[in-house]
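K.L.:
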Ligand code: ADP
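Numbering (this note's numbering), first residue to last: 6 to 324.
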């Protein structure tokens, strides 16, 4: 292997830049040439490819977003689109590809590998919804963004004795909601993996109010449904003054936390190592603080699991 490529695809996540940096620097350390592909699979099809040097990734470790930009590309889901991508890679003499992204991006990487083109996936998404790794790049930063926002909401909630519903991201996974709820002492956490009984939520709110609680925070994962609809139902059922905040895309931005920078650096470098070891169609991850790699499809087929012990703990602590 002499030349490798790197791209970021799907939803962006803080720490992707640190991962790009690690791939580029680790590859150059091993005397490889590295090519950056802009705008994910769309840029691959379009041949939006340029050589990267040590300096190309200077001053980005602390930046959110992705220097290589990201995109969603329907054409790449077709055989014809994948063939076009492979043609571009061959034209540039690129022997292997590192794909930084979420599960959709990983499926694209697996397709390329099945067509004889070696790819490695690096999990980059704030949702933490990829099996085979305890954490994805961007999750910790998004979590801290949520905590900062909820701490502020808590101040105003106390002043006005209100119930606050906060909708957080996570797609079909409840990790952001669960971790944020535990870290912020939320009264109720609504995650898509569990069917919380609405009457229980209402009873808990009423009990809290009756014993003099100044405010209540309810965190709703976007996978459960609209925070606004949920807030309306709470208001009607409790008659408590209720406000709704949808944190939205603020959760995807910002400077990555130290934990995300370190994770991204480790996983990006590991991806280069396993490409060099001749592996393909693998994703890298971290489990029990050990770097691991797994077959992409086997892992994705397992489906994401929420940590139910943590969920139980959050309920025990919010009685
Ligand atoms: P994420 O990687 O964050 O999950 P998406 O699910 O939008 O984001 O996937 C990103 C891109 O990966 C898609 O726009 C598409 O180009 C490619 N992709 C997704 N699923 C497949 C698939 N089954 N086969 C080939 N490419 C895919």
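Heads up, the beta-carbon is just placed ideally off N, CA and C, and yes, glycines get one too. These numbers were taken from a predicted model, which means no experiment stands behind them.
Counting only the same chain and skipping the five closest in sequence on each side, list residues whose C-beta sits under 8 Å from that of residue 7.
P.N.:
Correct list, in chain order: 37, 38, 98 and 100.
K.L.:
If we ignore side chains and look at the alpha-carbon of each, how far apart do residue 160 and residue 195 end up?
P.N.:
22 Å
K.L.:
Ignore the nearest five residues each way along the sequence and tell me which others in residue 32's own chain have a CB closer than 6 Å to its CB.
P.N.:
9, 39 and 277
K.L.:
In terms of residues, what are the limits of the alpha helix (DSSP H) holding residue 368?
P.N.:
Absent from the structure is residue 368, since the part of the chain shown begins at 6 and ends at 324.
K.L.:
Along the chain, where does the alpha helix (DSSP H) that runs through residue 34 open and close?
P.N.:
21-34
K.L.:
Just checking my contact of residue 325 with residue 257 at CB under 8 Å: how many whole Å lie between their CB atoms?
P.N.:
Because the chain in this structure spans residues 6 to 324, residue 325 falls outside the shown range and cannot be described.
K.L.:
Report the option in 262, 216, 220 and 206 whose CA atom is closest to the CA atom of residue 235.
P.N.:
Taking only the C-alpha atoms, the option nearest residue 235 is 206.
K.L.:
In this structure, how does DSSP classify residue 118 when only helix, strand and coil are distinguished?
P.N.:
helix
K.L.:
Would you mind working out which of 19, 15, 14 and 11 sits nearest residue 264, comparing C-alpha positions?
P.N.:
19
K.L.:
Nearest-angstrom Cα distance between residue 94 and residue 316?
P.N.:
Cα to Cα, residue 94 sits roughly 45 Å from residue 316.
K.L.:
Would you kindly work out how many angstroms separate the C-alpha atoms of residue 250 and residue 168, rounded to a whole number?
P.N.:
11 Å
K.L.:
Is the beta carbon of residue 83 closer than 8 Å to that of residue 21?
P.N.:
Taking 8 Å as the Cβ cut-off, residue 21 and residue 83 do not qualify as a contacting pair.
K.L.:
At what residue ranges does the stretch 168-226 contain a whole run of the beta strand (DSSP E), taking only runs of 3 or more?
P.N.:
168-173, 193-195 and 221-226
K.L.:
Here's the rule I'm using: 16 or more other beta-carbon atoms within 10 Å means buried, otherwise exposed. How should residue 310 be labelled?
P.N.:
exposed
K.L.:
Can you give me the C-alpha to C-alpha distance between residue 176 and residue 170, rounded to a whole angstrom?
P.N.:
Cα to Cα, the separation comes out at about 18 Å.
K.L.:
Quick one: grab the DSSP three-state call for residue 139.
P.N.:
coil
K.L.:
Does the stretch 75-90 come into contact with the stretch 289-296, if we say contact requires no fewer than three beta-carbon pairs (one atom in each stretch) closer than 8 Å?
P.N.:
no
K.L.:
Any residues whose CB sits closer than 6 Å to a heavy atom of the ligand ADP? List them in chain order?
P.N.:
14, 15, 16, 46, 77, 78, 81, 82, 106, 107, 108, 109, 110, 112, 113, 116 and 130
K.L.:
How is residue 67 classed by DSSP in three states: helix, strand or coil?
P.N.:
coil
K.L.:
Taking DSSP's pairing of strands, which residues face residue 356 in a bridge?
P.N.:
Nothing in the structure corresponds to residue 356, since the chain is present only between 6 and 324.
K.L.:
Can you list, in chain order, the stretches of the alpha helix (DSSP H) that have 4 or more residues and sit fully within the stretch 215-291?
P.N.:
232-243 and 263-281
K.L.:
In the DSSP assignment, what are the bridge partners of residue 299?
P.N.:
Assignment of beta-bridge partners to residue 299 by DSSP yields 288.
K.L.:
Exposed or buried, what is residue 331 when buried is set at 16 or more other beta-carbons lying within 10 Å of its beta-carbon?
P.N.:
Any property of residue 331 remains undetermined from this structure, which presents the chain solely from 6 to 324.
K.L.:
Return the bridge partner residues of residue 40 from the DSSP annotation.
P.N.:
10 and 56
K.L.:
Mark residue 299 as exposed unless 16 or more other C-beta atoms lie within 10 angstroms of its C-beta, in which case mark it buried.
P.N.:
Classification for residue 299: buried.
K.L.:
Does DSSP classify residue 102 as helix, strand or coil?
P.N.:
strand
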